[in-house]
Amino acid sequence: MHTDILVIGTGISGLTYAIKLAEKSPATKITLICKQQLDEGNTRYAQGGIAVVSNFKKDTFDKHIMDTYIAGDYQGDKEVIDFVIREGNDRLNELIDWGTQFDKKENNRLDLTKEGGHSEKRIVHFKDHSGAEIQRALIQKVKEFQNIQYFENHILVDLITDHHTKTNHQTCYGAYIISTLDEEIIKITAQITVLSTGGLGQLYDFTTNPAGATADGLGAAYRAKAFLEKLPFVQFHPTALFPKVNGETFLITEALRGEGAILKNHLGEAFMEKYHPSKDLAPRDIVARSIIQEIKTQKSKHVYLDATNIKAKVLLNHFPYIVENCQSVGINPLEDLIPVIPAAHYSCGGIKVDENSSTTLKGLYAIGECSHTGLHGANRLASNSLLESIVFSHRAAIKTCVDLENNPLEKDFYLKVPDWKGQSYTSTNPAKQTQDLRKQLCKIMNEDVGIFKTTQGLINAQKQVKQLYFDIVQLYNNNKLSPQICELRNMVSVAYVMVNQSLILTQNNGVFYNHDYATNPIL
Ligand code: SIN
31 MHTDILVIGT GISGLTYAIK LAEKSPATKI TLICKQQLDE GNTRYAQGGI AVVSNFKKDT
91 FDKHIMDTYI AGDYQGDKEV IDFVIREGND RLNELIDWGT QFDKKENNRL DLTKEGGHSE
151 KRIVHFKDHS GAEIQRALIQ KVKEFQNIQY FENHILVDLI TDHHTKTNHQ TCYGAYIIST
211 LDEEIIKITA QITVLSTGGL GQLYDFTTNP AGATADGLGA AYRAKAFLEK LPFVQFHPTA
271 LFPKVNGETF LITEALRGEG AILKNHLGEA FMEKYHPSKD LAPRDIVARS IIQEIKTQKS
331 KHVYLDATNI KAKVLLNHFP YIVENCQSVG INPLEDLIPV IPAAHYSCGG IKVDENSSTT
391 LKGLYAIGEC SHTGLHGANR LASNSLLESI VFSHRAAIKT CVDLENNPLE KDFYLKVPDW
451 KGQSYTSTNP AKQTQDLRKQ LCKIMNEDVG IFKTTQGLIN AQKQVKQLYF DIVQLYNNNK
511 LSPQICELRN MVSVAYVMVN QSLILTQNNG VFYNHDYATN PIL
């Protein structure tokens, strides 16, 4: 199959990009690949909202720029921070024009909330399920375009590169994709391929990310020889409900602390004032480490979030999803403390891209969490990720129009791209083996590549992940390819790069914390 544009991943980044491009270029054929259904993916689980300067009476671009830079521990790219924040308002208005609902006050102005690290109320939200509302509106809009088609239940296997075509253009020519239903592998050639595949949370046992966050785009980009940057900067969200519910970790939005909820230890003490002057609304990395410190000191399994001081009306109106989910496991946030722990949440690093989301490989873009733009520095400011997605999708769509005009390759070239070459099969129970290897990988990541790291732990992890890598290559070589093997292959490659990059760092910044370079138990 050939398409002009192949977009892999259908969260806010992939969908916004597709809409923008379809509007600008109605003759361009755009194909979307979704891992599950069109409405499933990381975006849907975003609770907080989008950080945008919209109340110009109180807030300024400069304040948001400073908050982003400080939260990122002064490691962010100043130019990128500047344009993302200044362009955010226009992009937000487009989302609204496309039908996205955001909560409003009685005077019809947007209802803004606050989250950790923000000096002003600026989070635009729809109750406590902003991502789901954005996803709903984008899907509705995408379906209006005749030139957008989509395939559900398909996973990226590999990007098509010079390695497959025996050429030397340093270009991406599309991708091999596997169906999760019948495991058939199809070849889709494309002039432009866009990765918007989200993050890598599933490398960890406790993660706020859904099951699909298995580093697919990152793994494929690595094999295609695009650059991966800053992978050690994995952000842990301070408050996920403990324990898991039906095997899944449920996020308790930071906006709850924005409305006044307080973290408490097992003795009932509010502890954040010991660690940071901004207390419960300190930058996320500091709150997460403070919680782990309390858990260690108290020898407990979790801490608590006390939301009982928030008015019942606010809790029920603004946080209905959280109230409902907590109540489903017997916790009533109106009266009870909510048990919480930190959980892997967001990859601040990713595939290196420029100001238009182009990667180092021609014809390949990366947008959203799988990319590294420089916005987040060493720690992402809360609710800046959806902002990054809408700004970069817009820029990438504009740049794509230029690339389409200037594609030097003849149409015939794509006909010569070979079909996927299968392996011969030998193993008898690859499903069980795949599951066991994945468990081993997660165990190493939890133990040695989590919130607190040590050099010795990282060296152990490096050795073990390397061995696992060889075991997984063997599994891949000896079996009929399955979606589960594809995921594991990506996860182990990305884990290996992350551990290696972590060992190179000799200074702690933001979410990266190695005890051996620490001058303070938390900071
Ligand atoms: C949250 O709602 O706490 C998550 C928001 C974010 O990660 O940006």
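The numbering used here applies: residue 31 is where the sequence shown begins, and numbers increase by one. Every residue, glycine too, gets a C-beta built ideally from N, C-alpha and C.
{"Item": "Rounded straight-line distance, which links the Cα of N177 to that of T223", "Value": "16 Å"}
{"Item": "Three-pair Cβ contact test at 8 Å for the region 232–245 versus the region 201–219", "Value": "no"}
{"Item": "Helix, strand or coil at Q170 [DSSP, three-state]", "Value": "helix"}
{"Item": "The ligand SIN heavy atom lying under 8 Å from the CB of L281", "Value": "yes"}
{"Item": "Straight-line Cα distance separating N137 from Q323", "Value": "44 Å"}
{"Item": "Where A57 falls, given that 16 or more other Cβ within 10 Å makes a residue buried", "Value": "exposed"}
{"Item": "Identity of the residue in T33, N550, I481 nearest I268 by Cα", "Value": "Ile is not the amino acid found at residue 268; the sequence shown has Pro there. It is I481."}
{"Item": "Residue interval of the beta strand (DSSP E) (run including P372)", "Value": "368–377"}
{"Item": "Cα-Cα separation, S160 to K496", "Value": "39 Å"}
{"Item": "L297 burial status per 10 Å Cβ neighbour count (16 or more: buried)", "Value": "exposed"}
{"Item": "Where the beta strand (DSSP E) containing D34 begins and where it ends", "Value": "32–38"}
{"Item": "I552 versus K446: straight-line alpha-carbon distance, rounded", "Value": "56 Å"}
{"Item": "M31 classed as buried or exposed, judged by whether at least 16 other C-beta atoms fall within 10 angstroms", "Value": "exposed"}
{"Item": "Distance between K483 and Y543 (C-alpha atoms, nearest Å)", "Value": "6 Å"}
{"Item": "Same chain only: Cβ atoms within 8 Å of E418, ignoring 5 sequence neighbours per side", "Value": "V114, G398, T403, L405, H406"}
{"Item": "Span separating the alpha-carbon of I185 from that of A48", "Value": "18 Å"}
{"Item": "Rounded straight-line distance, which links the Cα of Y506 to that of Q77", "Value": "37 Å"}
{"Item": "Cβ-Cβ distance between Q514 and R468 below 9 Å", "Value": "yes"}
{"Item": "CB contact flag (G39, D97, <9 Å)", "Value": "no"}
{"Item": "Euclidean distance between Cα positions of N508 and D501", "Value": "11 Å"}
{"Item": "Contact set for I316: own chain, Cβ-Cβ below 8 Å, skip 5 residues either direction", "Value": "Y305, H306, I552, L553"}
{"Item": "Same chain, Cβ closer than 6 Å to A162, neighbours up to 5 away in sequence not counted", "Value": "R74"}
{"Item": "Three-state secondary structure assigned by DSSP to L439", "Value": "coil"}
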